[in-house]
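Okay, structure first, notes after.
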Amino acid sequence: MIRHTLSALAGAIVAVAWAGPVLAQGGQAGEDNMARCQQLFSLWAKHNGTSSYGKVLDADMALEQCRKGQYAAGVGTLKSVLQRQQIPVPAAPSVAAQ
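Residue numbers (this note's numbering): 395 to 492.
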């Protein structure tokens, strides 16, 4: 179980590295996209790792929603997870910042 979770976490963190170039190539900016999901999941992972099954489950479920194209739901869940843990949620990137 822990090995699977670590593999999923490592994959998500690697995917974050690709998010910047994707947006620069004309991806959707703002709240409802995969790059935003990856940004928030990466922030969560930085603070939590695999310390608690319940925490991991919520964040993993949110990331899975994003992978299925349900960005608004995934982003909303990740924001809730971060807020419950009193981790500041960064502002979404704006089109002008791209």
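Built from N, CA and C at the ideal position, the CB exists for glycine as well. A quick note: this is a predicted structure, and the numbers were derived from the prediction, not measured.
> Touch check for the stretch 476-487 and the stretch 458-466: three-plus C-beta pairs under 8 angstroms?
Replying inline: no
> Nearest CA to the CA of Asn-427: which residue from Val-450, Gln-459, Trp-438 and Leu-451?
Replying inline: Gln-459
> Do you know how far the Cα of Arg-430 is from the Cα of Ala-486?
Replying inline: 7 angstroms
>> According to DSSP, simplified to helix, strand and coil, what is Gln-480?
In response: coil
> Quick one: what does DSSP say Asp-454 is sitting in, helix, strand or coil?
Replying inline: helix
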